[in-house]
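Worksheet for the structure shown next.
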Amino acid sequence: MEFNAIKKIYFIGIGGIGMSALARYFTLHGAEVHGYDRTETDLTRALAAEGMHVHYTDDVNLIPEGVDLVVWTPAVP
345 MEFNAIKKIY FIGIGGIGMS ALARYFTLHG AEVHGYDRTE TDLTRALAAE GMHVHYTDDV
405 NLIPEGVDLV VWTPAVP
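Residue 370 in our numbering sits at position 26 of the sequence shown, and the numbers go up by one each step.
Right, dumping it as structure tokens:
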């Protein structure tokens with residue numbers, strides 16, 4: 345899969361330093377970014393302020409339809 349073909353992406357653990365960097369990369373390149381993290385932090389608030397859709401409820405139904413890629417971190421059990 346080509347990175348530029350990814351238009352909608354979902355991150356599980358978006359508030360981590362590595363995941364947030366990837367989320368910012370994809371946002372910068374025009375992708376619609378959504379993600380989950382267990383805890384609201386300054387970093388997750390910054391991501392939301394930058395236009396990313398961040399939620400804090402562990403619910404698979406909150407993953408939007410039509411995502412091209414789901415990325416998860418092993419830091420989330």
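Heads up, the beta-carbon is just placed ideally off N, CA and C, and yes, glycines get one too.
Contact annotation: Ser364 and Leu406 have beta-carbon atoms that are not nearer than 9 Å. Of all alpha-carbon atoms in Ile358, Val398 and Glu394, the one lying nearest the alpha-carbon of Pro418 is that of Ile358.
Look at Gly379 here: in three-state DSSP terms it is strand. Per DSSP, Phe355 lies in no alpha helix (DSSP H); the unbroken beta strand (DSSP E) holding it starts and ends at Lys352 to Ile356. Going by beta carbons, Asp412 and Tyr380 fall outside the 9 Å limit. With fewer than 16 neighbouring CB atoms inside 10 Å of its own CB, His373 falls in the exposed class.
Secondary structure of Val404 (DSSP, three-state): helix. In the DSSP assignment, Met363 falls within the unbroken alpha helix (DSSP H) covering Ile361 to Leu372.
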